[in-house]
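Chemist: Taken in sequence, the protein lines are chains A and B.
Here the first sequence stands for residues 1 to 265, where the numbers follow my numbering.
Here the second sequence stands for residues 1001 to 1326, where the numbers follow my numbering.
The beta-carbon is built from N, C-alpha and C at its ideal position, and this holds for glycine as well.
Being a predicted model, the structure only gives us computed values, none of them experimental.
Sharing a structure with you now.
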Amino acid sequence: MKYLSYLKLELLSNLQYRSAALAGIATQFFWGALLVCVYTAFYSHTSIDSINYDQLITYVWLNQAFFALIYIRNKDKDIFASIRTGTVAYELCRPYDLYIWWYVKLLSKKYAATLLRFLPIIVVALFLPKPYNLSLPISLLAFILFLISMFLGSLVVCAINLIAHFLTFFTMHDKGIFSILNSIAELLAGFDLPIPLLPTILIMVSEYLPFRLIGDLPFRIYSGNIDTLYALKSIGLQIIWIIVLLIIGHLIMKKALKKVVIQGG
Amino acid sequence: MSYISVENLNKTFKVPQRGSGLKDAFRSLFKRDYKYINAVDNISFDIDEGEVVAYIGPNGAGKSTTIKMLCGILKPDSGTISVNGFNPFNDRKKYVGNIGVVFGQKSQLWWDIPALDSFQLLKSIYKISDEEYNNTLDDLIKLLDLKEFLHTPVRQLSLGQRMRCEIAASLLHNPKILFLDEPTIGLDAVSKVQVRNFIKEINKRKKVTVILTSHDMSDIEALTNRLIVIGHGKKLYDGSLKGIKSKFANNKKVEIIFEKLNKIPNIKNSKVIEQNKNRILLEIDNNTSVSNIINKYSKECEIKDVNVYEDNLDDIIFKLYQDLNL
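Structure below.
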């Protein structure tokens, strides 16, 4: 299939950025260690009902290991350049759906970046001394549900990310949209603090938005912070959000392309 | 009905206008003024299968806009386009399998990987069978001489090599129509000739209909007999290359270089444009023979060199514009 061939090709061409991956791994380790220290200090003076210490530490390490996958703020230079320089004309001369095509491109970049990074972090975090280590999944079922929701989470984040790309064509500058993503979306996605540690009002708001379905959901399924029934319901919600976001994005792209009228020549 | 038929095609672009200064900048936040540009203004033409047609005009004339409508990228405001029975915009996904496109100023190859990998991807995009793909690719490699750099990442190729790969990429799926938008821009003489020969060959062998735009007169002379000229969105000329030359290229320039000139001979219908110590530049009309001029001058001086300049395409279009008062 053409979309799969494209996924493969982009994966292969992105797998060559090994030194960037090395730097990423180092950063993620540092952050992980820092957060583990902070939360350890925090939990030694108090206890929190919504998430226990072991679950939280597991959350931290998974978050660091899959950071490249759940990161919302990716900017794809090629997509911007394609539209700015008019190369998009070529892409419109091909028998494929351009939106899906670019979606696959974002996904493959994420997968390549993640494949290069996650394993060393997972392995080292598993073998750290207790209680600072990454725990094993709570059950086999939880692990399977984690894998499914992690995959769906990657579909959610790319759908959001692609919409952000097209919104920039209406705002003239890419900074605005991506700063909003940075502050609001990442807060409600549990990037700054895991969702259970957020104030009640923000937890309520996050329920109505797709951001928590990116990373927060799979990490909490893995550690058993979310029970099976709620996990299954949330996975259903992920699928609905993916469809909704793709349709919205498709419509926005159509409008954006009409607006740019294919520059040059 | 013709293979490609375009009737009363129109396309207008709405361009936001803004005055300079703070007041206008503030005003434009609330109320925008627009200017309407008729990029393509009531254009009609027919093209038969297997023809090679040059579609030319100065920058901003509406060439690319027309090509983009023919490719199904842009929707015409009004008028009809029919290509081999397809409406390009409405049937875009089915239609684009029939066409190949090369935009000389843009690249369709993936920058970081060898051209061959891009070709593989195009194979699966167009669902080309293994057999057809291998045959076509072998052909293209031979004709365009691609063998040496097929495995080199595209970013390391020279412009000429890259352009040959671009053209190959646009022909892998054996399209019936090939659109070439300035395919020789920036190429050196050797690459230009290679590209031209290839276009001729592919047109002859596979009966591919070729529509090309170029600012390079020699491209057009080498490749095609039929010329469609547009300017300011309007069709100015549709006919043979010879026709346009006899109609609009009236004057030639003759440059004579000599040691020492005794006196300027008197020749009818010639005008001295420039003159200095050992060079003179004359303008003559097309009916005056150059040999007559050389003859007369050789009596007055020792001629070292003679150059004859004919109007090039840009001059002709310039005249065409003046003629039509655009």
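1) For Tyr1309/B, name the three-state secondary structure that DSSP assigns.
2) Could you tell me the alpha carbon to alpha carbon distance between Ile221/A and Ala26/A, rounded to whole angstroms?
3) Can you name the residues of chain B whose CB is closer than 8 angstroms to the CB of Cys93/A?
4) Is it the case that the Cβ atoms of Phe66/A and Gly215/A are separated by a distance below 8 angstroms?
5) Which residue from Ile1037/B, Val1102/B, Asp1024/B and Leu1236/B puts its Cα closest to that of Thr1012/B?
6) Can you find at least 3 beta carbon pairs, one from the region 71-81 of chain A and one from the region 162-174 of chain A, that sit closer than 8 angstroms?
7) Taking Gly224/A as the reference, give the member of Asn52/A, Leu152/A and Asp97/A with the closest Cα.
8) Strictly by DSSP, which residues pair up with Arg1226/B?
9) Taking all protein chains shown into account, decide if Pro1183/B is buried (16 or more other Cβ within 10 angstroms of its Cβ) or exposed.
10) Using a threshold of 8 angstroms, state whether the C-beta atoms of Gly1231/B and Tyr1321/B are closer than that.
11) How many Å lie between Val1006/B and Phe1086/B at the Cα?
12) Name the residues in the region 1114-1137 of chain B whose C-beta lies less than 9 angstroms from a C-beta of chain A; which are they?
13) Tell me which residues share the same chain as Ile1280/B and place their Cβ nearer than 6 angstroms to its Cβ, disregarding the 5 neighbours each side in the sequence.
14) I'd like the span of the alpha helix (DSSP H) that includes Val156/A, first residue to last.
15) Using the three-state DSSP reduction, which class does Lys1127/B fall into: helix, strand or coil?
16) If I measure Cβ to Cβ from Gly1186/B and keep anything under 6 angstroms in the same chain, skipping five residues before and after, which residues do I get?
17) What does a CB cutoff of less than 7 angstroms around Lys1304/B pick up in its chain, not counting 5 residues either side in sequence?
18) Alpha carbon to alpha carbon, how far is Arg1164/B from Ile1199/B?
19) When the Cα atoms are used, what is the spatial distance from Thr1224/B to Lys255/A?
20) Going by the DSSP bridge assignment, what does Ile1280/B pair with across the sheet?
21) Name the DSSP bridge partner or partners of Thr40/A?
22) Applying a beta-carbon distance threshold of less than 7 angstroms, which residues of chain A neighbour Lys1093/B?
23) What is the C-beta distance between Phe211/A and Leu237/A, in whole angstroms, given that I count them as a contact (C-beta under 8 angstroms)?
24) Going by the CB atoms, is the gap between Val1102/B and Ser1191/B shorter than 8 angstroms?
25) What residues of chain B sit near Ser108/A, judged by a beta carbon separation below 7 angstroms?
26) If we cut at 8 angstroms on Cβ distances, does Gln1156/B have a partner in chain A?
27) Any idea which residues DSSP pairs Pro1016/B with across the strands?
28) Among residues of its own chain, excluding the 5 on either side of Lys1014/B, which ones have a beta-carbon nearer than 7 angstroms to its beta-carbon?
29) Specify, as a first and last residue, the run of the beta strand (DSSP E) that Phe67/A falls within.
30) Do Tyr1055/B and Gly1072/B have their beta-carbon atoms positioned less than 8 angstroms apart in this structure?
31) By DSSP, does Lys1235/B sit in helix, in strand, or in coil?
32) For the region 79-99 of chain A against the region 153-169 of chain A, do three or more pairs of beta-carbon atoms, one drawn from each stretch, fall closer than 8 angstroms, so that the two count as touching?
33) Using beta carbons (cut-off 8 angstroms, strictly below), is Thr85/A in contact with chain B?
34) Buried or exposed: where does Thr87/A fall if 16 or more other Cβ atoms within 10 Å of its Cβ makes it buried?
35) DSSP beta-bridge partners for Val1101/B?
36) Just how far apart, CA to CA, sit Phe127/A and Asn133/A?
Modeler: The answer reads as follows:
1) Your numbering for residue 1309/B matches position 309 in the second sequence. Taken through DSSP and simplified to helix, strand or coil, Tyr1309/B comes out as strand.
2) For this step, residue 221/A is matched to residue 221 along the first sequence. For this step, residue 26/A is matched to residue 26 along the first sequence. Distance from the CA atom of Ile221/A to the CA atom of Ala26/A, rounded to whole angstroms, is 26 angstroms.
3) Residue numbering aside, residue 93/A sits at position 93 when the first sequence is read from its first letter. Among the residues of chain B, those whose CB is under 8 angstroms from the CB of Cys93/A are Cys1071, Gly1072, Ile1073, Val1096, Ile1099 and Val1101, following chain order.
4) Within the first sequence, residue 66/A is the residue found at index 66, counting from 1. Within the first sequence, residue 215/A is the residue found at index 215, counting from 1. In contact: Phe66/A and Gly215/A (Cβ atoms closer than 8 angstroms).
5) If you number the second sequence from 1, residue 1012/B lands on position 12. Closest by alpha carbon: Ile1037/B.
6) Verdict: yes, contact present.
7) Here residue 224/A is taken as the residue at index 224 of the first sequence, counted from 1. Of the listed residues, the one whose Cα sits closest to Gly224/A is Asn52/A.
8) Reading the second sequence from its first residue, position 226 is the one you call residue 1226/B. In DSSP, Arg1226/B forms a bridge with Val1053/B and Ser1240/B.
9) Residue 1183/B sits at position 183 when you count from the first residue of the second sequence. Burial call: buried.
10) Reading the second sequence from its first residue, position 231 is the one you call residue 1231/B. Reading the second sequence from its first residue, position 321 is the one you call residue 1321/B. Yes, the pair counts as a contact, with Cβ atoms nearer than the cut-off.
11) Along the second sequence, read from residue 1 onward, the residue named residue 1006/B stands at position 6. Along the second sequence, read from residue 1 onward, the residue named residue 1086/B stands at position 86. Separation of Val1006/B and Phe1086/B (C-alpha to C-alpha, rounded to the nearest whole angstrom) is 12 angstroms.
12) So the list reads Asp1117, Ser1118, Gln1120, Leu1121, Leu1122, Lys1123, Ser1124, Ile1125, Tyr1126 and Lys1127, given in the order they occur along the chain.
13) In the second sequence, residue 1280/B corresponds to position 280, counting from 1. These residues qualify, in order along the chain: Ile1256.
14) Reading the first sequence from its first residue, position 156 is the one you call residue 156/A. Leu140 to Thr171 is the extent of the alpha helix (DSSP H) around Val156/A.
15) Counting from one through the second sequence, the residue named residue 1127/B turns up at place 127. Coil.
16) In the second sequence, residue 1186/B corresponds to position 186, counting from 1. Residues Leu1159 of the same chain have their beta carbon placed closer than 6 angstroms to that of Gly1186/B, with the five preceding and five following residues left out of the count.
17) Along the second sequence, one-based indexing puts residue 1304/B at 304. For Lys1304/B, where only same-chain residues beyond five positions count, the Cβ hits under 7 angstroms are Ile1257, Phe1258 and Glu1259.
18) Here the question's residue 1164/B lines up with position 164 in the second sequence. Here the question's residue 1199/B lines up with position 199 in the second sequence. Distance between the alpha carbons of Arg1164/B and Ile1199/B: 11 angstroms.
19) Taking the second sequence and counting its residues from 1, the one referred to as residue 1224/B is at position 224. Taking the first sequence and counting its residues from 1, the one referred to as residue 255/A is at position 255. Cα-Cα distance, rounded: 39 angstroms.
20) Residue numbering aside, residue 1280/B sits at position 280 when the second sequence is read from its first letter. DSSP output for Ile1280/B lists Ile1256/B and Gln1275/B as bridge partner(s).
21) Here residue 40/A is taken as the residue at index 40 of the first sequence, counted from 1. In DSSP, Thr40/A forms no bridge with anything.
22) As a position in the second sequence, residue 1093/B is number 93, starting the count at 1. Ordered by position in chain A, the residues that pass the 7 angstroms Cβ test against Lys1093/B are Pro95.
23) In the first sequence, the residue the question calls residue 211/A occupies position 211. In the first sequence, the residue the question calls residue 237/A occupies position 237. Cβ atoms of Phe211/A and Leu237/A stay farther apart than 8 angstroms, at about 12 angstroms.
24) Counting from 1 along the second sequence, the entry for residue 1191/B is found at position 191. Counting from 1 along the second sequence, the entry for residue 1102/B is found at position 102. No, the Cβ-Cβ distance between Ser1191/B and Val1102/B is not below 8 angstroms.
25) Locating residue 108/A in the first sequence gives position 108, counting from the first residue. In chain order: nothing, as chain B lies at least about 12 angstroms away.
26) Your numbering for residue 1156/B matches position 156 in the second sequence. No, its Cβ sits nowhere closer than 8 angstroms to a Cβ of chain A.
27) Along the second sequence, one-based indexing puts residue 1016/B at 16. Residue pairing by DSSP places Pro1016/B opposite Tyr1034/B in a beta bridge.
28) Mapped onto the second sequence, residue 1014/B falls at position 14. For Lys1014/B, the CB contacts under 7 angstroms within the same chain, skipping 5 residues up- and downstream, are Tyr1034 and Tyr1036 in chain order.
29) Here residue 67/A corresponds to residue number 67 of the first sequence, with the count starting at 1. Counting along the chain, Phe67/A falls outside any beta strand (DSSP E), though it belongs to the alpha helix (DSSP H) covering Phe67 to Ile70.
30) The residue given as residue 1072/B occupies position 72 in the second sequence. The residue given as residue 1055/B occupies position 55 in the second sequence. Not in contact: Gly1072/B and Tyr1055/B (Cβ atoms no closer than 8 angstroms).
31) Within the second sequence, the letter at position 235 stands for residue 1235/B. In the three-state DSSP reduction, Lys1235/B falls in the strand class (E or B).
32) Short answer: they touch.
33) Residue numbering aside, residue 85/A sits at position 85 when the first sequence is read from its first letter. Against chain B, the CB of Thr85/A has a partner CB under 8 angstroms away; the residue lies at that interface.
34) In the first sequence, counting from the first residue as 1, residue 87/A sits at position 87. So Thr87/A ends up on the buried side.
35) Here residue 1101/B refers to the residue found at position 101 when the second sequence is read from its first residue. Looking at the DSSP output, Val1101/B sits in a beta bridge with Phe1179/B.
36) Your numbering for residue 127/A matches position 127 in the first sequence. Your numbering for residue 133/A matches position 133 in the first sequence. When only Cα atoms are considered, Phe127/A and Asn133/A end up about 7 angstroms apart.
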